[in-house]
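This report refers to the structure that appears directly beneath it.
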Amino acid sequence: MPPMLGFRVALLLLVFFVASSSHAAYRTSLVVAADGSGDFERIQDAIDDCKSFPDLPITITIKQGRYAEKVTVHPWNPKINLVGEGKVVISNDSFFDQVDRGRNSTFFTATLEVLADDFTARNLTIENGAGPVGQAIALRVEGDRCAFFDCRILGNQDTLYVAGSGSRQYFENCYIEGTTDYVFGAATAFFQSCELMSKADSFITAASTPAGAEHGLVFKECRLTASHGLTEVVLGRPWRPHAKTVYLSCNYTAPIASFGWGDWGLDDPGSTVFYAEYVDDPKALKERVQWSIRLDEKDLDRFAKEAVLGDWQPSRTPAARTGD
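Quick look at the structure:
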């Protein structure tokens, strides 16, 4: 072989080796175990060890146990999957007055905050155990294409903050409990077959959907339950003037207030707010506030998961996204 040709072949082989090994230059599977039998004892330590902006998804398996920590998935850690094995509880008790960061203290209270895109969680309990002491977030999600399967999200006021203008989030077969505004925020969030358990006669949702967004909070085939003794649970109130919240074929076991929705002091909510329901018996909605919408079967395609989430179809085992 001529020397120059041999040099070129060697150079090509080197380039191929570097390119092919770039995907394998970091671990894509980590284990967290509180008893020390895994790679890490703390969830945050495992996340902090992940490659920034990875090409391939990284799965962190969390062994059964209770993890008393605040966990953040930073924007430079996309494509992380947290998978609970057995009963996994992530718990913290941060609340508004304790944080003491001024009027924005609520947003510093989350037990788990997901600020990265392409995140998936399965079989986790995410808890803010502060009790009924005011705003105390259990889960704060701001990333796009974030999905939660078979999770329990526990708290009181402001339990679940679905945030991020333009972000899409998905919850399937999850249990979410709280007192006031316990599902709130600006994201487009689709809830499939979840249970919403009200612990007080108050508001379930407080959407802050941005003006111009086609969808806000969509609940499909969910169960609305309540603690014993409650008498008047309200479906939602608008945190911002363009709030959008829709309930589709949900089971209203909770004592839903006959008027359905609050206006949070808006002078003319009907001009900007979109609050709607689809139920088998439209007569059940006859006492709803006049500015709420009764959907017909012909409207359902508009609120199908594919229509709400667009080109993203969440999966329990998400494939790698490249070229982002």
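In the numbering used here, each residue's number is its place in the sequence shown (first place is 1) plus 22. Glycine is no exception: its CB is placed at the ideal position from the N, C-alpha and C atoms.
Item, Value
"Specify the secondary structure class of T128 as computed by DSSP and reduced to three states.", "helix"
"Since I believe S224 is in contact with V256 (beta carbons under 8 Å), could you give me their beta-carbon distance rounded to a whole number of angstroms?", "7 Å"
"From which residue to which residue does the alpha helix (DSSP H) around I65 run?", "I65 to D70"
"Near S271, what residues of its chain come up, given a Cβ to Cβ distance below 8 Å and the 5 sequence neighbours on each side ignored?", "K242, E243, Y300, V301 and D302"
"Could you tell me whether the stretch 92–105 touches the stretch 65–82, using the rule of 3 or more Cβ pairs below 8 Å?", "yes"
"I want to know whether the stretch 78–86 touches the stretch 118–129 - three or more CB-CB distances under 8 Å.", "no"
"Runs of 3 residues minimum, wholly inside the stretch 155–215: which ones carry the beta strand (DSSP E) assignment?", "161–163, 168–171, 174–176, 182–184, 190–194, 197–200, 205–207 and 210–214"
"If you check the beta carbons only, do T294 and H250 fall under 9 Å apart?", "no"
"According to DSSP, simplified to helix, strand and coil, what is S249?", "coil"
"Can you round the beta-carbon distance between P291 and W313 to whole angstroms, since I take them to be within the 8 Å contact cut?", "5 Å"
"Cβ atoms of P97 and L52: under 9 Å apart, would you say?", "no"
"Can you give me the C-alpha to C-alpha distance between F281 and V311, rounded to a whole angstrom?", "5 Å"
"Counting C-beta neighbours from all protein chains within 10 Å, is the total for E236 16 or more, i.e. buried, or is it exposed?", "exposed"
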